[in-house]
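Okay, so here's the structure we're looking at.
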Amino acid sequence: MGERQVAVGDLMPGLYVVALDRPWLGTPFLFQGFSIEGEPELRELRRLCRHVFIDEARSRGDALRQLDAGESSATPGDANEDAPSSPDRGDVAAAFGIAAYPEFQRFWPLVRVARDARDRGRRVVDRILEDARLGHSIDADAARSVVRELVTVISENASASLWLTNLRQRDEYTANHCLNVCVLAIAFGRHLGLGREELEALGLGGLLHDVGKMRTPEAILKKPGVLSKAEREIIRRHPDEGVELLSREGGMPKAVLEMVRLHHERVNGKGYPLGLTGDVIPRPVLVVGICDVYDAMTSDRAYQEGIPPDRVLRLLFERADQDFGQELTEAFIRCLGIYPAGSLVELDDGSLAVVVSASPEARLHPVVMLVRHPDGRLYDRRVMLNLAELARDNTRETRNIRHVVNPGAHDIDVAAVLAADIAAH
Numbered sequence: 012m013g014e015r016q017v018a019v020g021d022l023m024p025g026l027y028v029v030a031l032d033r034p035w036l037g038t039p040f041l042f043q044g045f046s047i048e049g050e051p052e053l054r055e056l057r058r059l060c061r062h063v064f065i066d067e068a069r070s071r072g073d074a075l076r077q078l079d080a081g082e083s084s085a086t087p088g089d090a091n092e093d094a095p096s097s098p099d100r101g102d103v104a105a106a107f108g109i110a111a112y113p114e115f116q117r118f119w120p121l122v123r124v125a126r127d128a129r130d131r132g133r134r135v136v137d138r139i140l141e142d143a144r145l146g147h148s149i150d151a152d153a154a155r156s157v158v159r160e161l162v163t164v165i166s167e168n169a170s171a172s173l174w175l176t177n178l179r180q181r182d183e184y185t186a187n188h189c190l191n192v193c194v195l196a197i198a199f200g201r202h203l204g205l206g207r208e209e210l211e212a213l214g215l216g217g218l219l220h221d222v223g224k225m226r227t228p229e230a231i232l233k234k235p236g237v238l239s240k241a242e243r244e245i246i247r248r249h250p251d252e253g254v255e256l257l258s259r260e261g262g263m264p265k266a267v268l269e270m271v272r273l274h275h276e277r278v279n280g281k282g283y284p285l286g287l288t289g290d291v292i293p294r295p296v297l298v299v300g301i302c303d304v305y306d307a308m309t310s311d312r313a314y315q316e317g318i319p320p321d322r323v324l325r326l327l328f329e330r331a332d333q334d335f336g337q338e339l340t341e342a343f344i345r346c347l348g349i350y351p352a353g354s355l356v357e358l359d360d361g362s363l364a365v366v367v368s369a370s371p372e373a374r375l376h377p378v379v380m381l382v383r384h385p386d387g388r389l390y391d392r393r394v395m396l397n398l399a400e401l402a403r404d405n406t407r408e409t410r411n412i413r414h415v416v417n418p419g420a421h422d423i424d425v426a427a428v429l430a431a432d433i434a435a436h
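Heads up: the sequence shown at position 4 corresponds to 15 in our numbering, and the numbers run straight through without jumps.
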């Protein structure tokens, strides 16, 4: 079994695509090699290509047998092409239903619940970080209470909580970062199918992972240039200092202390403080680690601009073998989607929109909020598009994402847009 050229009209779920008849760059496919999961991928492949190459060894046996028997999937123009294949809409359906032009007000009750939980969490995080800075004991019970509430909220609706991780402020980086890593870790753990107890441990590890940085001089934390060797040594102490702070009162779970101490370990052995490799690193540690890196790289700091989410995911994918492992990295990307919440995208008509959420079976067609007309005018009221539903409805004009754009290049502050909407509701 090897590679095989297949016309796009003959493709079906279960086949593993390894090459296109055009360069990967400029397509919406993040992985250079992926398994076709359903209609969204099939629709994009038909739109972009005439044929692709599949890897027979990595394709499902039943899909190969159907291919050999000539039982192809629906071809372009077929009336059944846009029928969804057993979608599991989850919390996206609760928020937006199946409307092509969903009412934004349907999303706000979910956002308010997530916002209130986040606000309570933020107050606790601020107090914990201040206590750590002053050398006082950490209120572990308050941290556990925050995490339990966030697990409940995120389990019921992850989309709103993930959307709110874009509320970033340069001058409040550490507190927002701790809260964001907590939310991301819980959402990722939920995606991995973990139980409530494991999710609470992940959330607690994410919330407290950087508490030791309160012992690091602010001048080092906010230094815009390259750190000296001595400064690097100082900042590398924060995992152990965090464990020391959290161990004073006792009772902190061993798994949480591991996440705090080891979240900078990498599978290639080049992390710190122990230089652990591969499977020796506990999986929850890697979960918190990848959430930490993602949020840090996408955040604006006092001394640098954040990197667009889609580019960070590509960088994580390129370094998967060195940092967090291929399997976990790909799972993280599937969890957030090719277009993560908060991404600024340009649609094929030239309009700009912010990604609000996406369901797993429609990761190429998320729900977006329009912010700028094709002619450059700002929208004076919020208009939302469910790109997946537009694609399924043959009676409407389909809208596709052309590419992700840098908000700074278009003078759009996604966090400010989000904050203004929250203030208005």
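Don't be surprised by glycine CBs; every beta carbon is placed ideally from N, CA and C.
Sequence-distant Cβ neighbours of Val222 in its own chain, meaning closer than 8 Å and more than five residues away, are Ile139, Leu140, Ala143, Ile149, Cys189, Gly253, Leu256, Leu257 and Val271. Residue state for Gln333 is assigned as coil, using DSSP reduced to three classes. Under DSSP, no beta-bridge partner is assigned to Asn191.
In this structure, DSSP gives Gln315 a state outside helix and strand, which the three-state scheme calls coil. The criterion of a C-beta distance shorter than 8 Å is satisfied by Leu78 and Met23. Here Lys240 is exposed: its Cβ has fewer than 16 other Cβ atoms, across all protein chains shown, within 10 Å. Counting every other CB atom within 10 Å of its CB across the protein chains shown gives Trp35 a total below 16, marking it as exposed. Arg259 has its alpha-carbon roughly 16 Å from the corresponding atom of Arg155. Ala30: not part of any alpha helix (DSSP H); member of the beta strand (DSSP E) spanning Tyr27 to Leu31, first to last residue. According to the DSSP assignment, Val122 belongs to no beta strand (DSSP E) but to the alpha helix (DSSP H) extending over Trp119 to Leu145. Its chain contains Glu252 as the residues whose beta carbon lies nearer than 6 Å to that of Arg226, once the 5 sequence neighbours on both sides are disregarded; these appear in chain order. Taking all protein chains in view, the Cβ of Arg129 is crowded by 16 or more other Cβ atoms within 10 Å, so the residue is classified as buried.
In the structure shown, Tyr112 adopts coil according to DSSP, grouped into three states. Around Arg61, the same chain offers Ala18, Val19 and Asp32 as residues with beta carbons nearer than 8 Å, after the five sequence neighbours per side are excluded.
Within the segment 364-399, the complete beta strand (DSSP E) runs of at least 3 residues fall at 378-383 and 389-397.
Counting only the Cα atoms, Pro120 lies some 47 Å from Glu67.
DSSP, reduced to helix, strand and coil, places His275 outside both helices and strands of the structure shown, so it counts as coil.
Look at Ser239 here: in three-state DSSP terms it is coil, with no helix or strand label. Assignment of His414 by DSSP, reduced to helix, strand and coil, places it in the strand class. Assigned with DSSP and collapsed to three states, Asp359 falls in coil, not helix or strand.
For Glu160, the enclosing alpha helix (DSSP H) stretches over residues Ala151 to Glu167.
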